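Novice: Starting off with a structure, shown below.
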């Protein structure tokens, strides 16, 4: 029995933390295409009626400023990260599928790992599946069915393997982390977003 | 953000993928950014002298990019026969006619820069014949070695794609897993004359262990280059990796004010 379930959204700048939260919980957090806009940790108390289950009284969602904006900003935001991660029950690490650069994720994970509560539920939200690159002549994201194309579907397992190896390299055995804790989705079109929500709340 | 001294360093920053800077920001008909995208580009490129925005995939602004590369390359003199793109090519007809008229008036003089022959003529006034011959010989020797350009940047920003678009290179690219894992080197003839040696370096930022492995490779190649073309991604905001790496590159380049061979 917990009175408060704290779920922290964390990740690189531009990965889509705020957009994901907006879509997941019908919020209205500011988003921007080019310039980082979440400058402080934003707490959102979700209305009980919708998310209440037998174990939880209150759900608190925390939207963190993104990492990797610049070296100065990273330093400046560090106290927010430290405060909130210590209290988190669930940490949703948002990262994007349409990149191959995860070093900054690793650097921060390494820095923050010692703050992770032992029973932290760690999820990787693999956003922007719709932007997964395809070769010339192959289909991109299917706008009619709002789902990935066949070419994109075929890339997802390879992508998850790659991300898993990179994160596992740092996490080790500090918290439980398995391949099925990596959830591919797209906030922009909503594909698999419900699955992400389910995953977050199965452990609440 | 990328505060390096103007024109003294042989580094050019290329802002790739401007076609994706905002969703639906590309005008397919004009093959150019939409009004909204243009505004975003302006917001990002505040110091445009050594920064060029382009899209390798859309073949957009490749000529300005290659012009800037040759302009800031250390051994730009080797490419003295490079003809810059006609700036009036896409202008209205009456403008083109006016330009042609003006050019025929002064015999095309204003477009020509002093050639190396003038330079040698000038030198002959001060140097003995033997000395001048030595300079000529050195010059000829040096010209045999094409300027070396390192294409550098975070993984997945489109380094190899940029090379493919610029030189029709057909080098292998990949969407999901890391494409380039070793330095690829090749010489390319420029359409406008001259030759460039291009080094495609594996991208940084993949993981801590990979970056440690690559750093040696970078340090080995970058000081020997006439120019470092650092490519960053227009539709991205995480520039910490780039900032960190640019700091190192600036240091390496400063330590080797002329390319080390």
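Residue numbers (this note's numbering), protein chains in the order written: chain A, 1 to 204; chain B, 1001 to 1261.
By construction, the Cβ of each residue, glycine as well, lies at the ideal position given by its N, Cα and C atoms.
Every value quoted in this text rests on a predicted model; they were computed, and no experiment measured them.
Given a cut-off of 8 Å on the beta-carbon distance, is the pair residue 1159 (chain B) and residue 1224 (chain B) in contact?
Specialist: no
Novice: Let me make sure I understand the geometry here. Which of A:66, A:176 and A:70 has the alpha-carbon closest to that of residue 118 (chain A)?
Specialist: Selection A:66, A:176 and A:70 evaluated against residue 118 (chain A) yields A:176 as nearest (Cα-Cα).
Novice: Let's see if you can read the secondary structure: which residues bound the beta strand (DSSP E) around residue 27 (chain A)?
Specialist: No beta strand (DSSP E) holds residue 27 (chain A); DSSP gives it neither H nor E.
Novice: Got a sec: is the Cβ-Cβ distance from residue 130 (chain A) to anything in chain B below 8 Å?
Specialist: no
Novice: Counting only Cβ pairs nearer than 8 Å, list the residues of chain A close to residue 1241 (chain B).
Specialist: 68, 101, 103 and 104
Novice: When you compare the CB positions of residue 8 (chain A) and residue 64 (chain A), do they come within less than 8 Å of one another, or not?
Specialist: yes
Novice: Under 9 Å between beta-carbons, which chain A residues line up against residue 1205 (chain B)? List them in chain order, please.
Specialist: 99, 100, 101, 102, 103 and 104
Novice: Are the segment 1232–1250 of chain B and the segment 1058–1068 of chain B in contact at 8 Å, needing three or more beta carbon pairs?
Specialist: no
Novice: For residue 1071 (chain B), go through chain C and note every residue whose CB falls closer than 9 Å to its CB, in chain order.
Specialist: Checking the listed chains, one finds no chain C in this structure; the protein chains it contains are A and B.
Novice: Here's a check: name, in chain order, each residue in its chain whose Cβ is nearer than 7 Å to the Cβ of residue 179 (chain A), leaving out the five neighbours to either side.
Specialist: 160 and 164
Novice: Can you tell me whether residue 1301 (chain B) is buried or exposed? The criterion is at least 16 other CB atoms within 10 Å of its CB, across all chains shown.
Specialist: As displayed, chain B neither begins before 1001 nor continues past 1261, which places residue 1301 (chain B) out of reach and without an answer.
Novice: Can you find at least 3 beta carbon pairs, one from the segment 1124–1136 of chain B and one from the segment 1195–1204 of chain B, that sit closer than 8 Å?
Specialist: no
Novice: With 7 Å as the C-beta to C-beta threshold (strictly closer), list the residues of the segment 7–19 of chain A near chain B in chain order.
Specialist: 12, 13 and 14
Novice: So, is the C-beta of residue 112 (chain A) closer than 8 Å to a C-beta in chain B?
Specialist: So no, residue 112 (chain A) is outside the interface.
Novice: Buried or exposed for residue 1016 (chain B), going by 16 or more other Cβ atoms inside 10 Å?
Specialist: Its Cβ being crowded by 16 or more others within 10 Å, residue 1016 (chain B) is buried.
Novice: Ends of the beta strand (DSSP E) at residue 1189 (chain B)?
Specialist: In the DSSP assignment, residue 1189 (chain B) falls within the beta strand (DSSP E) that extends over 1184–1189.
Novice: So, is the C-beta of residue 144 (chain A) closer than 8 Å to a C-beta in chain B?
Specialist: By this cut-off, residue 144 (chain A) is not an interface position.
Novice: Going by DSSP, what residues sit across from residue 1055 (chain B) in a beta bridge?
Specialist: B:1060
Novice: Mapping DSSP to helix, strand and coil, what is residue 144 (chain A)?
Specialist: In the three-state reduction of the DSSP assignment, residue 144 (chain A) falls in the coil class, being assigned neither a helical nor a strand state.
Novice: Between residue 75 (chain A) and chain B, is any beta-carbon pair separated by less than 8 Å?
Specialist: no
Novice: Per DSSP, which residues does residue 11 (chain A) bridge with? Please list them.
Specialist: A:94
Novice: Using a cut-off of 8 Å between C-beta atoms, extract the partners of residue 71 (chain A) located in chain B.
Specialist: Neighbours of residue 71 (chain A) on chain B, chain order: 1240, 1243 and 1244.
Novice: Determine the burial state of residue 205 (chain A): buried for a count of at least 16 other Cβ atoms within 10 Å of its Cβ, exposed for fewer.
Specialist: Past the edges of chain A, shown from 1 to 204, lies residue 205 (chain A), and the structure says nothing about it.
Novice: Let me know the secondary structure DSSP gives residue 198 (chain A) once reduced to three states.
Specialist: helix
Novice: DSSP has residue 1033 (chain B) in a bridge; who is on the other side?
Specialist: B:1026
Novice: Report buried or exposed for residue 127 (chain A), applying the criterion of at least 16 other Cβ atoms within 10 angstroms of its Cβ.
Specialist: buried
Novice: Exposed or buried, what is residue 23 (chain A) when buried is set at 16 or more other beta-carbons lying within 10 Å of its beta-carbon?
Specialist: buried
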